[in-house]
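Chain order of the listed sequences is H and X.
So in UniProt numbering the end of the first sequence lands on 122, straight run, no missing numbers.
So in UniProt numbering the end of the second sequence lands on 122, straight run, no missing numbers.
All C-beta atoms in this analysis are idealised placements derived from N, C-alpha and C, irrespective of residue type, glycine included.
Contents: one structure, followed by commentary.
Number of protein chains: 2
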Amino acid sequence: MARAPRYGPYTCGIDAALDVVSGKWKGFILWELEVHGVRRFAELRRGMPGVSEKMLTQHLREMEEDGLVHREVYAEVPPRVEYSLTEHGRTLNQALGPLGAWGGERMRREGLEAATAEIPQG
Amino acid sequence: MARAPRYGPYTCGIDAALDVVSGKWKGFILWELEVHGVRRFAELRRGMPGVSEKMLTQHLREMEEDGLVHREVYAEVPPRVEYSLTEHGRTLNQALGPLGAWGGERMRREGLEAATAEIPQG
DNA sequence: GATCCCCCTTACGAAAAGGTAAGTACCGCA
DNA sequence: TGCGGTACTTACCTTTTCGTAAGGGGGATC
Chain H
1 MARAPRYGPY TCGIDAALDV VSGKWKGFIL WELEVHGVRR FAELRRGMPG
51 VSEKMLTQHL REMEEDGLVH REVYAEVPPR VEYSLTEHGR TLNQALGPLG
101 AWGGERMRRE GLEAATAEIP QG
Chain X
1 MARAPRYGPY TCGIDAALDV VSGKWKGFIL WELEVHGVRR FAELRRGMPG
51 VSEKMLTQHL REMEEDGLVH REVYAEVPPR VEYSLTEHGR TLNQALGPLG
101 AWGGERMRRE GLEAATAEIP QG
C-alpha cells in the first residue's frame, strides 16, 4: 500500500501532500517538468532511464487528476502530447524545496551515491 | 513497492527524503514526537488510532536506523521505552513544514475532510 | 486465577505498487 | 517489406507493504 488513500481522509497536510507525491517516479517527473517547462512523453521517458511506459503514463494521469500536470494533446499524425506543470504543480515544487535540500544533506552525510549524472536537489 | 530503495542510489534529494518519510504512519510519528517531545510506545499507539503494534515498531525501528528517532530503553519491569526526535528528525520536520502547508492548502481547495480531531498542519 | 499492562515478535494473508512484454494504429524512411 | 518512431493500453506476474491474530514473559491489579 504505502499510502493507498488518494483523496483523504487525511490526518494532516503532510498526509495530503505525500498522497500526491508518492509514487516511484513522481518526484522525478515534477523535477523534469520544472527544469524543462514542457516535455513530450518520449522526452520524459528518455530523461528518466528505468521507467516503463506503463508507469510513466499511469503517474502522469494521476498527476493530471491531482491538478499538478497539464496535458496538451495535438491532433496530429504521428500524435504529439505535451506535458507541463500547472500552477499547483509549481507551488508543490516550491514546497518540496526544503525537503529536497534536507535529502541532499542526508545524502552527503551518509555518503549515499546519486544515480544519474544530473543531480537536481529540488 | 511505492519506493523500495532505502539507501539509494537516489536521483535527487527529494528521492532521498521521501525514502525516509514514506510509510503509512511515519508522518504521524514525526508529528507526535514533535508535539510531545518524548513519548512511550503505548502513548504513541494510543495517539494514532488504527495503527497496529507491528507497524508501529517496524516504523520506529526504521526511523531509528535512519537517524530520525532516538530510542531509550530503561531496564525496568515493566519495561519502559521512550522515543524522541533526534536533531535530524527535527530538521526533517522543519523541512516538511512547507509541504504540510501546501497539503493543507490542497485540502481546503479540494474540500477534503480531515480524519481526527487533532489536525496538525506540519 | 484471571485479566490487564508493558513492548514487542512471529506467522500468515490480502492488497497495492511496480515490472515485463505484447498489442494498437498510423506514419516516414530505406 | 521491414523497421523505427509517436503515445499509449492490456494482461500477467512479482515484489513490497500493510493488516490480523496470536504468543511471550514478567508484574500489578481485581
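- For ILE14 of chain H, the chain X residues whose Cβ falls inside 7 Å of its Cβ are GLY27, LEU96, LEU99, GLY100, GLY103, GLY122, in order along the chain.
- The three-state reading of DSSP puts LEU96 of chain H in helix, counting H, G and I together.
- Listed along chain H, the residues sitting closer than 8 Å to MET107 of chain X by beta-carbon distance are GLY8, TYR10, GLY13, ALA16.
- Taking 9 Å as the upper bound on Cβ-Cβ separation, chain H lies near residues HIS88, THR91, LEU92, GLN94 of the stretch 82-94 of chain X.
- Residue range 69-74 is occupied by the beta strand (DSSP E) that includes GLU72 of chain X.
- The stretch 33-43 of chain X makes contact with the stretch 72-86 of chain X: 3 or more CB pairs, one atom from each, lie closer than 8 Å.
- MET63 of chain X has a beta carbon lying at 9 Å or more from every beta carbon in chain H.
- Partner residues in the beta bridge of VAL38 of chain H, as assigned by DSSP, are H:SER84.
- One thing to note: THR11 of chain X has its Cβ within 9 Å of the Cβ of GLY27 of chain H.
- For the set X:ALA17, X:LEU44, X:ALA75, X:HIS36, the Cα lying nearest the Cα of LEU60 of chain X is the one of X:LEU44.
- Interface annotation, LEU30 of chain X: in contact with chain H, CB-CB separation under 9 Å.
- In this structure, the straight-line span from the alpha carbon of GLN94 of chain X to that of GLY23 of chain H is close to 23 Å.
- Take ALA17 of chain H, set aside five residues on each side of it, and the residues of its chain with a beta-carbon closer than 8 Å to its own are LEU92, ALA95, in chain order.
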